[in-house]
Structure formats: structure tokens, C-alpha cells
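Reviewing the structure listed below.
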Amino acid sequence: MKKDFQKWHKKKEQVDDIGRRPFFHEREIWFCYLGVNVGFEQDGVGDDFQRPVVVIRKFNNEVCWVIPLSKTKKRNKYYFAFQFDAVATSVAIISQVRLLDARRLSRKIGEISVEDFNNLINKIKALLP
């Protein structure tokens, strides 16, 4: 399937023009404008190119580290499954951690539990040399 980079670039211009960044915290789950990316990098979906992410580190009010979420269940050291809502399990794709400008955060949809967040952080640390 061919990726529509032109459509994403138009949306990215709109995101860049957002005046105020939303107020956010670590552990929160947001829909985020991730866009169309190269190769196996996680893309956003739909007309707004969004995907849910979990905020793992807030550096200041402008930037944060996030991990994209998926419903695809994989079991290895690069994925962390947790229960986000009563309906389905969410999977954090640890290998896709990235720094984002907070203007990419669209709307908050919830939080990961303290216990799951601590387990996720420990799993991230285990990947570091």
C-alpha cells in the first residue's frame, strides 16, 4: 500500500501552527499526530494520522518521550502488554520510543496504571546497554 506523504505534510503544517501545547503528564495516554513515516516506523492512521501513545517522560511543557500503542499482541522484549480499558489489551511498542513536540498530542484518552507504568519503565531499562 502506497503511503500518502503529501496528505501528511499538509496535516503536519496544521499541527505545527497549533498555538498552545496541551498540558500533559507522564503515564497519560493520548491520541497523537504521528503521521506517515518511513519503512517500519509506526504510522498514525485515519485522516488525522493519529495513534495512541503513552507519555513515558516529560522533559518540559514542550517535549516528551512517548511510546506508540497497538492492539497487535506480540510477545518479546520489545513489546509490553497492559490492560488499558475493560475491552482490550494495549501493547506498547518499546522499540518505537520517540521524542515529540507536545503540539502533536491531540486528546487525552486515559492513563496507564502506576504498576503497569513501573513495569514498562523497568522493561525499557532492561533494553539499555
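For the sequence shown, this note's numbering assigns the number 1056 to the initial residue and increments by one for each residue that follows.
Backbone N, C-alpha and C define an ideal beta-carbon position, used for all residues, glycine too.
Excluding the 5 residues flanking T1144 on each side, which residues of the same chain have their C-beta closer than 8 Å to its C-beta? These residues qualify, in order along the chain: K1126, K1128, A1136, F1137, Q1138.
Going straight from the alpha carbon of L1155 to that of V1118, what length do you get? For L1155 and V1118, the distance between alpha carbons rounds to 6 Å.
From the DSSP output, which residues share a beta bridge with S1150? Looking at the DSSP assignment, S1150 forms no beta bridge with any residue, so it has no partner.
Taking only the alpha-carbon atoms, compute the straight-line gap between V1146 and R1076 and give it to the nearest angstrom. Pairing V1146 with R1076, the inter-Cα distance amounts to about 26 Å.
Residues in the same chain with beta-carbon distance under 7 Å from G1094, minus the five sequence neighbours each way, listed in chain order, please. At G1094, the pLDDT of 48 sits below 50, so the modelled position is not reliable and the matter cannot be decided from this model.
Within the continuous beta strand (DSSP E) that includes L1124, where are the two ends? Taken as a continuous stretch (DSSP letters only), the beta strand (DSSP E) holding L1124 covers 1118-1125.
Can you round the beta-carbon distance between R1112 and L1089 to whole angstroms, since I take them to be within the 8 Å contact cut? No, R1112 and L1089 are not in contact; Cβ-Cβ is about 17 Å, not under 8 Å.
Just reading off the beta strand (DSSP E) that E1081 is part of, what are its end residues? Neither: E1081 is in no beta strand (DSSP E) and is coded neither H nor E.
Contact check, I1084 vs E1166 under 8 Å by CB: the rounded distance? Yes, they are in contact, since the Cβ atoms of I1084 and E1166 sit about 6 Å apart, within 8 Å.
Which two residues bound the contiguous alpha helix (DSSP H) that contains F1172? It spans 1169-1182 - the alpha helix (DSSP H) in which F1172 sits, taken as one unbroken run.
Take P1123 and list the residues in its own chain whose beta-carbon comes closer than 7 Å to its own, dropping the five residues that flank it on each side. Contacts found: L1089, Q1097, R1106, V1108, I1148, Q1151.
Taking C-beta to C-beta, are V1121 and R1162 nearer than 8 Å? Taking 8 Å as the Cβ cut-off, V1121 and R1162 do not qualify as a contacting pair.
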